[in-house]
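Everything on this sheet refers to the single structure shown next.
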Amino acid sequence: MQLLNNIKTNRAIATLLMEQSVTSAEGKQALQSLRKIGSAAIPKLIETLSAPQNTGIIETLLLSLLDKNTLPYYLPALTNSNQNIVRSVTRILSKSDAYNPNELLHLFLDPDISKTALGEIVSTHAANVHFKELLALVDKVSSTCRPIIYRIIDQHASIDSIPLLIAKTKSNEPMVRTFIASALSRFNTKDSRNTLAQMLTDPNKNVREATLRALGKLKAFDTVELICQMLLDPDLTVQSTAIETLVEINAPETFKYLIEVLQDESEYVRRAAVEVLNEIGDQRAIKDLLKALRDADWWVKVRAADALGSIGGPKVIDAVLVLIKDEDEFLRRTAVEILNTSKDLKAFDKLVEALEDEDWWVRERAVDALAALGDKRAVTPLIKMLEKTPEAALVIIKALTSLGDRRAIIPILKQLKFSDESICKEALNALKILTDREHVLDVQTAITELANIDDNEVRAMATETIKILGERFGAEPQEIDSLLIDFENQQTVQTDYKTDVKSASKKNGMSQIVLIDASLLEPGDTFTDRYRVIKQVGKGAFGVVVLVEDTVVKDQFILKFLSPHVAADENAIQRFTHELRYARKVTHENVIRIYDFIAHGNNYAISMEYFPSHSLTYNIARYRKIDVPRGVNILRQICDGMAAAQAVHVVHRDLKPGNILINKNGKVKIVDFGLAAAASKGGSRLTKTGILVGTPTYMAPEQVRGKTIDSRTDVYALGVIMYEMFTGNPPYSGEDSVGIMFQHVEGNPTQPRELNDEIPEELQKIILKAMAVSPDDRYQTFKELKTALESLAEEKV
């Protein structure tokens, strides 16, 4: 019987395909025959769907034969390797309502069934699918199948589904909880918001991030306080999402919950609070926030002002500019502190007005803020204030010195006439820096008159100033000695000095050489008639850094100038030559090449390789956490460069992200071996002048303790850099340098993987070994450290 049915089925199918119509006599007869055969014909009919031609008639017939009893004949087709069959049967099952779609749900667990096709079918019938059974599948199906289930749930979920969705927040799968957070964002009910609020504490960062986005979508005003706490989240991505969520909700009461955040010890947390204010803050909010800080400890206020000033955007600064005229003295004081940090030129006019504030604190901090702006328009109002407000002379003289404008010389000279020793000392220091050739005789005359003063320190400073000015403007040693003798004898030597300086300049052939303020160099200017200025690159620890072209060899390089006031310091000159001597010993493609030390009159500069790039500091700030493959590539190059230094017994002493340069092609070069010393000579963290060598954030324990250092000190610094690269934060932070240095000595950093769980275990071990408190427990060479990093890279591959 079955054989006969097969023959009849094949003949009828062949007739239908040949006729391409069911209206002809033969077609009608074939169709009637197939229907009479019934379910037994279905497998054969499905087989004919393998070719894309003339399938319409067959699909129509199969659709008519489909019901709850014949459904099992169709399902095997969803495992067929022929996609034409799968697509046709998918269409048939999607169109038919003659069966119960819930009978298909268990097929999501069948590894052979096409999940895409099954999802399309079930999605079509979503209104008739049991939501509870569908939701139960998310914990059972594979991770690749879950997105299909999620789409169906998202399509089918209704307000009645909320209890079932809430129950699923207890799933052990973070991916499921992440989806549920997103699904709940469709329903703005109290239950949904409360559940999402609880999910903010989920241990998985992806769940927390999805929850924040859901609350933002719901505009959940009643959860703003909890969202503000998410600004303290250890994961910076979650922290960033919390910022976006608060901005999206834009609740009026947000600012009052930011007060606590703004007082947090973490700079990143405080910055997050300010980023929110940058977007939604207004004058009222900023004012209320600052009022709330009134009774806080002073250091809390300083933290808050620093954060608001350092990254406060236009809205914050505009609000602060209004508050600097507020009748509340506390608000004016806080406003001027913020402006001191912001260095926003928009504040210039308001700061000038503040010079006449009734409160002395506001006046003097306005002076400091104007100096920080570096805008020489401030010179005139500051000179006027110096004349009107002698009690503020100290701070004003410092500001005028910082601005470096020669117009301040005569007004500062007048301050020497006052008996206040502290003012005299500050004025002498200013004149030592500001005096130019035009005013040197006036300055010398005024200083000589200080011989009658009782204060020994002032007389000593006066003696030093005469000596420095004499050397700067060309007087020979015997002439300077003569001036000093005359000073001690309280004799005036103005006329003789004027003549001697001129003759000395001519004798030395330096009548045209003046002390250059490199910060005033502009493109096109020349230095020593050979070097043409292209642009200023920035300011280093010692002075201005300028890109120049050597007009003789037609090559570009960097000139690192010693600033004028430092050029007068013999110790600074020795440190500069020290930088050249040791830096030139290190020659490697991953180290900035040093060319020469240039001395022109009393002007000094080091010439070095020009390497267009960004610092590692910029990269960390931009990417927050550098991905492991890219980070390891950077570190291997650093190890190569530092190995070259280790080979010639040179210790960098100040290895940090700011001294590591990376160009657009990923090439790395280490710069500024200026604090390096020969390892064979040992040395502590202090120079002869008592200057701290190194940056506290990256300083090794032995540097802090003043012990002998070697290349392992640089290994420690690179360990700290690695920690920061992969976690986004340095291992130790604090309010002051001393606190940070003590933490290095204690050596108890948070495990890197606690801050970034994407860091491999082996990389964490490498970082912590490099950061070991004892040098003996660290990698002993940079080659050894590089080998460990390369082993890690191979494992990742």
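Using my numbering, the first residue of the sequence shown is number 1235, and each one after it goes up by one.
For glycine and all other residues, C-beta sits at the position ideal for the given N, C-alpha and C.
Computed from a predicted model, the values in this text were never measured in an experiment.
Which of the three DSSP states, helix, strand or coil, is assigned to residue i?
i	result
Asn1837	strand
Gln1808	helix
Gly1543	helix
Ser1376	coil
Phe1365	helix
Glu1936	helix
His1822	coil
Lys1890	coil
Ile1520	helix
Ile1347	coil
Tyr1829	strand
Asp1562	coil
Ser1267	helix
Ala1855	helix
Ser2025	helix
His1848	strand
Gln1746	Its pLDDT being 44, under 50, Gln1746 is placed unreliably in this model, and the value from its coordinates should be taken loosely. Here Gln1746 sits in coil by DSSP.
Ala1911	In this prediction, Ala1911 scores a pLDDT of 38, lower than 50, which makes its location untrustworthy; no coordinate-derived value is stated.
Gly1772	strand
Thr1785	coil
Ile1943	coil
Thr1697	helix
Phe2016	helix
Tyr1333	coil
Phe1707	coil
Arg1764	coil
Leu1895	strand
Compute the beta-carbon to beta-carbon distance between residue i and residue j, rounded to the nearest angstrom, for a pair I have assumed lies under 8 Å.
i	j	result
Thr1669	Ile1643	6 Å
Leu1662	Ala1696	6 Å
Ile1631	Gln1649	7 Å
Leu1218	Ser1348	Lying before the first or after the last residue shown, residue 1218 is absent from the chain, which here runs from 1235 to 2031.
Arg1505	Ile1545	5 Å
Thr1445	Ala1417	So it is not a contact: roughly 12 Å between Cβ atoms.
Arg1380	Met1409	6 Å
Leu1998	Gln1985	With the sequence shown as reference, residue 1998 is identified as Gln, and Leu is not the correct amino acid for it. Rounded, the Cβ-Cβ distance is 7 Å, consistent with contact.
Ala1633	Val1601	5 Å
Arg1671	Phe1707	6 Å
Tell me which residue opens and which closes the alpha helix (DSSP H) that residue i is part of.
i	result
Asp1874	1862-1881
Leu1460	1458-1463
Lys1903	Element bounds for Lys1903: not the alpha helix (DSSP H) but the beta strand (DSSP E), 1902-1904.
Phe1489	1488-1496
Gly1290	1290-1299
Thr2054	No statement about residue 2054 is possible, as the shown extent of the chain runs from 1235 to 2031 and does not include it.
Pro1615	1613-1622
Pro1548	1548-1557
Glu1281	1276-1281
Asn1512	1501-1514
Leu1305	1305-1308
Would you give the residue range spanned by the beta strand (DSSP E) that residue i belongs to?
i	result
Ile1589	In the sequence on display, residue 1589 carries Leu and not Ile. No beta strand (DSSP E) holds Leu1589; DSSP gives it neither H nor E.
Glu1683	Glu1683 -> no beta strand (DSSP E), and no H or E assigned at all.
Glu1478	Premise fails: Glu1478 lies in the alpha helix (DSSP H), 1470-1483, not in any beta strand (DSSP E).
Lys1794	1789-1795
### Task
For the stretch 2004-2015 and the stretch 1948-1958, state whether three or more C-beta atom pairs, one from each stretch, are separated by less than 8 Å.
yes
#### Entry: alpha helix (DSSP H) runs wholly inside the stretch 1945-2014, at least 4 long, in chain order
1945-1961, 1971-1980, 1986-1989, 1995-2004
### Message
Could you tell me which whole beta strand (DSSP E) segments of length 3 or greater appear in the stretch 1384-1436?
### Response
none
#### Entry: Touching by the beta-carbon criterion (3+ pairs, under 8 Å), the stretch 1467-1474 and the stretch 1485-1496
no
#### Entry: Three or more C-beta pairs below 8 Å linking the stretch 1848-1859 and the stretch 1779-1798
no
### Query
Residue ranges of each alpha helix (DSSP H) run of no fewer than 4 residues wholly in the stretch 1630-1675, ordered along the chain?
1643-1648, 1655-1668
### Task
Specify whether the stretch 1507-1525 and the stretch 1897-1905 touch according to this definition: at least 3 beta carbon pairs, one from each stretch, less than 8 Å apart.
Cβ pair count under 8 Å is below three, so no.
### Task
Please determine if the stretch 1321-1333 and the stretch 1280-1291 are in contact, where contact requires at least 3 C-beta pairs separated by less than 8 Å.
yes
### Inter-stretch contact (C-beta, 8 Å, three-pair minimum) for the stretch 1830-1842 and the stretch 1928-1939
no
### Query
Can you find at least 3 beta carbon pairs, one from the stretch 1480-1488 and one from the stretch 1521-1538, that sit closer than 8 Å?
no
### Query
Can at least three beta-carbon pairs, one atom from the stretch 1955-1963 and one from the stretch 1821-1832, be found at a separation below 8 Å?
Output reads no: the stretch 1821-1832 does not touch the stretch 1955-1963.
### Message
For the stretch 1365-1379 against the stretch 1389-1403, do three or more pairs of beta-carbon atoms, one drawn from each stretch, fall closer than 8 Å, so that the two count as touching?
### Response
The stretch 1365-1379 is in contact with the stretch 1389-1403.
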